[in-house]
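Position one of the sequence shown corresponds to residue 1 (the UniProt record's numbering), numbered consecutively onward.
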Amino acid sequence: MAENENRAVCRELKTRHLSMIALGGSIGTGLFVASGSAISAAGPGGALVAYVAIGIMVYFLMTSLGEMATYMPLTGSFAAYSTKFVDPALGFAMGWNYWFNWAITLAVDVSTAALVMQFWLPNVPAWIFSMIALAIIFTINALSVRSFGETEYWMSIIKVVTVLIFLVIGTLTIFGIMGGHATGFSNLTYKKAPFVGGVPALLSVFVVAGFSFQGTELIGIEAGESETPEKSIPKAIRQVFWRILLFYILAIFVIACIIPYTSKDLLGSSATDIAISPFTLVFRRAGLAAAASVMNAVILTSVISSANSGMYASTRMLYSLANEGYAPSFFGKTNKRGIPMASLVGTTVIGLLTFLTSIFGPKLYMYLVAASGLTGFIAWLGIAISHYRFRRAFLKQRHQLSELRYHAKWFPFGPILAFVLGIVVIVGQNLKSFAQLDLQAILVTYMSVPLFLILWGYYKIRHRTHIIPLDKVDLMPKTNGESYTAADASAASGDIESSATVETVAQAGKKTTSATSAAHDLTNDESVAPKNDSIK
Numbered sequence: 001m002a003e004n005e006n007r008a009v010c011r012e013l014k015t016r017h018l019s020m021i022a023l024g025g026s027i028g029t030g031l032f033v034a035s036g037s038a039i040s041a042a043g044p045g046g047a048l049v050a051y052v053a054i055g056i057m058v059y060f061l062m063t064s065l066g067e068m069a070t071y072m073p074l075t076g077s078f079a080a081y082s083t084k085f086v087d088p089a090l091g092f093a094m095g096w097n098y099w100f101n102w103a104i105t106l107a108v109d110v111s112t113a114a115l116v117m118q119f120w121l122p123n124v125p126a127w128i129f130s131m132i133a134l135a136i137i138f139t140i141n142a143l144s145v146r147s148f149g150e151t152e153y154w155m156s157i158i159k160v161v162t163v164l165i166f167l168v169i170g171t172l173t174i175f176g177i178m179g180g181h182a183t184g185f186s187n188l189t190y191k192k193a194p195f196v197g198g199v200p201a202l203l204s205v206f207v208v209a210g211f212s213f214q215g216t217e218l219i220g221i222e223a224g225e226s227e228t229p230e231k232s233i234p235k236a237i238r239q240v241f242w243r244i245l246l247f248y249i250l251a252i253f254v255i256a257c258i259i260p261y262t263s264k265d266l267l268g269s270s271a272t273d274i275a276i277s278p279f280t281l282v283f284r285r286a287g288l289a290a291a292a293s294v295m296n297a298v299i300l301t302s303v304i305s306s307a308n309s310g311m312y313a314s315t316r317m318l319y320s321l322a323n324e325g326y327a328p329s330f331f332g333k334t335n336k337r338g339i340p341m342a343s344l345v346g347t348t349v350i351g352l353l354t355f356l357t358s359i360f361g362p363k364l365y366m367y368l369v370a371a372s373g374l375t376g377f378i379a380w381l382g383i384a385i386s387h388y389r390f391r392r393a394f395l396k397q398r399h400q401l402s403e404l405r406y407h408a409k410w411f412p413f414g415p416i417l418a419f420v421l422g423i424v425v426i427v428g429q430n431l432k433s434f435a436q437l438d439l440q441a442i443l444v445t446y447m448s449v450p451l452f453l454i455l456w457g458y459y460k461i462r463h464r465t466h467i468i469p470l471d472k473v474d475l476m477p478k479t480n481g482e483s484y485t486a487a488d489a490s491a492a493s494g495d496i497e498s499s500a501t502v503e504t505v506a507q508a509g510k511k512t513t514s515a516t517s518a519a520h521d522l523t524n525d526e527s528v529a530p531k532n533d534s535i536k
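Here you go:
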C-alpha cells in the first residue's frame, strides 16, 4: 500500500521511551502482587526457577522480535510478520487475536483501577472511577504518540524506583538493620522449602510468571513509531532483559527471605487487597506505617499503565489490520497528528461495552475475560514461528547475516526453546481440570485456543492460503507507512490468480470475540463478580 499522509503514523518515540516502556510494561501487578502467590504455591526455589525460565524465554522472544523489527519496523509487528513470513491466515488470526486480548484487558484494567481507588474512597461508586480512568487513557492516546510515550515513561519510572527502594529496605530488613528480628536466609529452607508441590506447582508458577512478563512484546508494535528503530530496539532489548530478570529475581528472593512460603497472606495476594501485597508486608516488617497507601498508589499506577499500553497496542493493531486488508479500511486512516482515531474510538467503544457487561452481565464479562486469557501466549508463539521462518528465508535467498542491523543470537535454539516453553505454559494453565475430566473448566480455561484456530481456519479455507515458500518470501523492507498486505503474501505463495481475488482478500476481515482464574469463577456459580484477572 502506498504511503500517504492520511494513513501514516508518526515516528516520535525515542530510545528512552522504548527502553522504559518495555521495562515498565513487565513490572506491574505480576510483581507487586502475584509474586506472593508464586512463592506460596511452589516455594522460593520453585518461584525463582519459574521466573528465570520464563525470563530467558522472553529474552529469546525479544531478540527474535528485535531482529525482525529493526529490519522491517511495522506497526502491525508480529501479526504483520506472520502474514509476510508464514501465511496470511496466520497473520489474520494473530492480529485479531491480539487486538481482542488488549481490548478486553482494557476493560479489566479500568475495573481494577476503580477497585484500587476505593481503598481511599470506599463510598464513591466504582463505575465513576472506571469512567474517569477510561477518559484519561483515551485522551492520552488521542493527543499524540509522544504523549503516550511520555506518560508511560514516567509511570515506568515510578515502578522502577519503587522496586529499587523495596530491594534496599528489604535487604536491610533481612539483616535486622531496620530494627526487629533479623530473618536471615532461614525461610529459604523452612519446612519443605525451597521447592514445594513438585512439578504441578512449578507449572502453575510458570503460568503466573508468563502473565507477569506479558507486555514486553509491545516493543515490536512501538517500532513502527520509533524515530530510530535500528538503534533504539537493540539498545532497549539489551538493557531490558537484564533489568527485568534482576528486578524479578532479587525481589522474589527478598520476599522469600522475609516471609515464609506458608504465610496465608502470600496465598491471598490480590490487587484489590493491598494490605497483603508482599511488598506491603515487607515494608510493614521494616516499620513503615504508610506502606499500604504507598503501595496502593504504585499499584494504581501499574494498572493505569497497563490500560494505557493496552489502548495503544489494540489501537495500533486494529490500524494495522485495516491496512493489511483484514479490517474495514477506515480504521487504517490517521489524522494530522498520526493518530488512527477511528481505531482508537472503535477500541474504546469495545472496551467500554466489555466494562458495562461487568455491571449488567457479569457472567458474560467473565466469559469474555476467559476468552482472552491465552491470547498473549499465542502471540508469543507467533513471534517464535515468524522469526524462525524469517531467518530461514533470509539465508535461503542468499542474504548474509551482516546485512541485518541486529541479529538474534542462539538461532535456531532461541525461537525453538521459546516456542516449546510457550506450549508448556499454555497446556499448564489448568492441568487439574484434565485430571478431573472437568469439561467445563477445560472449555473456559482453554477457549482462547479454539477461537484462534477458528479465525485461522476461516481465513485459510475461504481464501485458500498456503504457507509461503521460503524462496518466495518478500524480504524487501517496507516503511512504516507501507503495510504488507494479505494480497502481497497470497501473491507470493501463488494463491491469487486474478485482480478480483486480490480485491476479495483485501476486503476480508471480521471481528471475534485474563487470566486463568476466570475458569474458577465460571465453573463455580457462587460468584460471578468481576475481579482482576489480569496480572500483566
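Don't be surprised by glycine CBs; every beta carbon is placed ideally from N, CA and C.
Model, not experiment: these values are computed from the prediction.
Check each candidate in Ala408, Ala379, Leu470, Leu353 and name the one with the smallest Cα separation from Ile233.
Of the candidates Ala408, Ala379, Leu470, Leu353, the one whose C-alpha sits nearest the C-alpha of Ile233 is Ala408.
Just to confirm my understanding: we take Ile442, look at its own chain, exclude 5 residues before and 5 after, and list those with CB closer than 6 Å. What are they?
The answer, listed in chain order, is Ser433.
Which class does Ala500 belong to by DSSP, given the choice of helix, strand or coil?
Because the pLDDT at Ala500 is just 34, under 50, the model does not fix this residue reliably, and the value given afterwards should be weighed accordingly. Ala500 falls in the helix class under three-state DSSP.
Enumerate, from N- to C-terminal direction, the unbroken alpha helix (DSSP H) stretches of 4 or more residues contained entirely within the stretch 82-117.
Entirely contained in the stretch 82-117, the alpha helix (DSSP H) runs reaching 4 residues are, in chain order, 88-117.
Residue range of the alpha helix (DSSP H) that Glu403 falls in?
From DSSP, Glu403 is part of no alpha helix (DSSP H); its letter is neither H nor E.
I'd like to know whether the C-beta atoms of Ala113 and Val303 end up nearer to each other than 7 Å.
Result yes, Cβ atoms of Ala113 and Val303 sit closer than 7 Å.
Let me check understanding here. Comparing Cα to Cα, which of Thr162, Leu164, Asn187 lies closest to Ile174?
Of the listed residues, the one whose Cα sits closest to Ile174 is Asn187.
Near Met447, what residues of its chain come up, given a Cβ to Cβ distance below 7 Å and the 5 sequence neighbours on each side ignored?
Ala370, Ala371, listed in sequence order.
So which of Gly224, Leu421, Ala53, Gly198 has the shortest CA-CA distance to Ala8?
Closest by alpha carbon: Gly224.
Does chain D have any CB closer than 7 Å to the CB of Tyr319?
Although the question refers to chain D, the structure presented lacks it and comprises just one protein chain.
For Gly376, I'd like the list of residues in its chain whose CB is within less than 7 Å of its CB, leaving aside the five on either flank, ordered along the chain.
Contacts found: Asn101, Gln214.
Could you tell me the distance, in whole angstroms, from the CA atom of Thr15 to the CA atom of Lys363?
Approximately 43 Å, taken between the alpha carbons.
Would you mind stating whether Ala209 and Ile54 have Cβ atoms separated by less than 7 Å?
Yes, they are a contact pair.
Roughly how many whole angstroms lie between the Cα atoms of Glu152 and His17?
Whole-angstrom Cα-Cα distance: 8 Å.
Roughly how many angstroms separate the alpha carbons of Ala89 and Tyr312, rounded to a whole number?
The straight-line gap from Cα to Cα measures roughly 24 Å.
Please work out which residues of its chain come closer than 6 Å, Cβ to Cβ, to Ala133, disregarding the five sequence neighbours upstream and downstream, and give them in chain order.
Taken in chain order, the residues that qualify are Val110, Ala113.
If you scan the stretch 244-294 from start to end, which runs of the alpha helix (DSSP H) of 4 or more residues do you find wholly inside it?
Complete alpha helix (DSSP H) runs here, min 4: 264-267, 278-285.
What residue range does the alpha helix (DSSP H) around Trp120 cover?
Premise fails: Trp120 is in no alpha helix (DSSP H) and is neither H nor E.
Among the residues of its own chain, which have a CB less than 6 Å from the CB of Ile21, if the five just before and after it don't count?
Contacts found: Glu152.
Do you know offhand how far Thr334's Cα is from Ile237's?
Whole-angstrom Cα-Cα distance: 29 Å.
Answer yes or no: do Leu61 and Trp410 have a C-beta to C-beta separation smaller than 7 Å?
No, these two residues do not count as a Cβ contact at 7 Å.
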